[in-house]
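Visitor: The opening residue of the sequence shown carries number 4 in the working numbering; numbering runs sequentially from there. Every residue gets a Cβ at the ideal spot worked out from N, C-alpha and C, and that includes glycine. Okay, handing you the structure first.
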Amino acid sequence: PLQIFARKLSGGSSLNIPFIAAAGDAVFSNLALIFAIGVAIGFAKDGNGAAALAGAIGYFVLTKGAAAIDKDINMSVLGGILSGVIAGLLYNRYHDIKLPDWLGFFGGRRFVPIVTSLVMLVLALIFGYVWPPIQDGINAVGHWIVGAGAVGVGIFGFLNRLLIPVGLHHVLKQSIQASEGRVIVAEVVGEFAPLYPAVTNAELATAFGADLLLLNFT
Numbered sequence: 004p005l006q007i008f009a010r011k012l013s014g015g016s017s018l019n020i021p022f023i024a025a026a027g028d029a030v031f032s033n034l035a036l037i038f039a040i041g042v043a044i045g046f047a048k049d050g051n052g053a054a055a056l057a058g059a060i061g062y063f064v065l066t067k068g069a070a071a072i073d074k075d076i077n078m079s080v081l082g083g084i085l086s087g088v089i090a091g092l093l094y095n096r097y098h099d100i101k102l103p104d105w106l107g108f109f110g111g112r113r114f115v116p117i118v119t120s121l122v123m124l125v126l127a128l129i130f131g132y133v134w135p136p137i138q139d140g141i142n143a144v145g146h147w148i149v150g151a152g153a154v155g156v157g158i159f160g161f162l163n164r165l166l167i168p169v170g171l172h173h174v175l176k177q178s179i180q181a182s183e184g185r186v187i188v189a190e191v192v193g194e195f196a197p198l199y200p201a202v203t204n205a206e207l208a209t210a211f212g213a214d215l216l217l218l219n220f221t
C-alpha cells in the first residue's frame with residue numbers, strides 16, 4: 004500500500020514529484036528479486052543470509068541465462084520464486100558441507116551460492132527453450148480476452164486470481180496493459196461518473212492498487 008500511495012502521490016494528477024515515483028516503483032520493478040531473496044530465507048532452516056545471497060545469485064543466473072537464449076523471455080515473479088525455493092533447499096542440504104583442505108575456504112555456507120549457480124545454470128538452459136511457448140500461450144490468451152468483451156472480463160478475473168500464486172498473472176496483465184488507454188464511460192464503472200466524469204484507466208487502476216486492469220475492456 005505504501006508503494007501504491009507513493010506512485011499516486013507523485014503522479015501528474017497529484018504533486019508530480021519524480022523521486023517519490025521512483026521510490027514507489029522500486030519495489031514493484033524488483034518484485035521477482037525480492038521474492039527470490041525472501042523465499043530463500045523462508046525455506047532456509049535457520050534463515051541465514053547465505054540463503055538470501057544464493058537466491059539472488061540464482062535468480063540472476065536463471066533470468067540472464069534464459070534471456071541469452073531468447074531475449075523476449077519474461078518469467079516474472081515465477082523466476083524469483085523458483086530461485087528462492089531452490090536456493091533455500093540447497094542451503095539446507097549443503098550449508099555444513101566439508102570440502103578438501105585446499106578448497107576449505109569454499110566449504111560450508113560459502114558453497115551454497117556456488118552450487119545454486121550451477122543448478123540455476125542448468126535450469127536456464129532448460130527454460131530458455133521450454134518457457135517461450137508457455138509465455139506465448141499466456142500472451143495469446145491475453146490478446147483473445149481483450150477482444151472477448153464482457154466474457155473476457157470474467158475470464159480475465161478468473162485467470163488473474165488463478166495465476167497470482169505463481170506470479171504469472173503479470174505475464175497475462177501485460178497483454179491487457181498493452182491495449183490503448185481511454186476514458187472510462189462503460190456501465191461497469193458508471194457509479195463513478197457523478198464524481199469523476201473523466202476517470203482514466205491508469206488513475207482508477209492506481210486507486211484500487213493497480214488491480215483493475217480489466218477496466219481496459221470498455
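Rounding to the nearest angstrom, what Cα-Cα distance links Gly41 and Ser120 in this structure?
Guide: Roughly 17 Å separates the two Cα atoms.
Visitor: Just the C-alpha distance for Asp99 and Phe46, rounded to the nearest angstrom, thanks.
Guide: So the two alpha carbons sit approximately 16 Å from each other.
Visitor: Using the Cα positions of Pro103 and Pro136, report the straight-line distance between them to the nearest angstrom.
Guide: When rounded, the distance between both Cα atoms is 44 Å.
Visitor: How long is the line joining the alpha carbons of Ala143 and Tyr97, rounded to whole angstroms?
Guide: Those two C-alpha atoms are separated by around 41 Å.
Visitor: Short of 7 Å in beta carbon distance, which residues of its chain neighbour Leu56, apart from the five on each side in sequence? Order them along the chain.
Guide: So the qualifying residues of the chain are Pro116.
Visitor: Going by the beta-carbon positions, is the gap between Asn89 and Val133 smaller than 8 Å?
Guide: Sequence inspection shows Ile at residue 89; the Asn mentioned does not correspond to that position. Their beta carbons are not under 8 Å apart, which means Ile89 does not touch Val133 by this criterion.
Visitor: I'd like the list of long-range same chain contacts for Gly50, defined as Cβ closer than 8 Å, with 5 residues on each side in sequence excluded.
Guide: Ile44, listed in sequence order.
Visitor: Relative to the C-alpha of Ala71, which candidate in Phe161, Leu162, Leu128, Gly157 has its C-alpha closest?
Guide: Out of Phe161, Leu162, Leu128, Gly157, Leu128 has the C-alpha closest to the C-alpha of Ala71.
Visitor: Counting C-beta neighbours from all protein chains within 10 Å, is the total for Ala35 16 or more, i.e. buried, or is it exposed?
Guide: Buried is the call here.
Visitor: Leaving out five residues on either side along the sequence, give the residues of the same chain with a beta carbon under 8 Å from the beta carbon of Phe3.
Guide: What is shown of the chain runs 4 to 221, which leaves residue 3 out entirely.
Visitor: Rounded to whole angstroms, what's the CA-CA distance from Asn95 to Tyr62? Just pull it up for me.
Guide: Spanning the two alpha carbons is a distance of roughly 18 Å.
Visitor: My output table needs one value for Asn95: the three-state DSSP class, helix, strand or coil.
Guide: Reduced to three states, the DSSP call for Asn95 is helix.
Visitor: Are Phe38 and Val64 closer than 8 Å when you measure CB to CB?
Guide: Their beta carbons are not under 8 Å apart, which means Phe38 does not touch Val64 by this criterion.
Visitor: If you compare alpha carbons, which of Leu126, Asp139, Ile167, Gly160 is closest to Leu85?
Guide: Among Leu126, Asp139, Ile167, Gly160, the Cα nearest to that of Leu85 belongs to Leu126.
Visitor: Is the beta carbon of Ile158 closer than 8 Å to that of Ile167?
Guide: Contact: no.
Visitor: Can the beta-carbon of Asp73 be found less than 8 Å from the beta-carbon of Gly131?
Guide: In contact: Asp73 and Gly131 (Cβ atoms closer than 8 Å).
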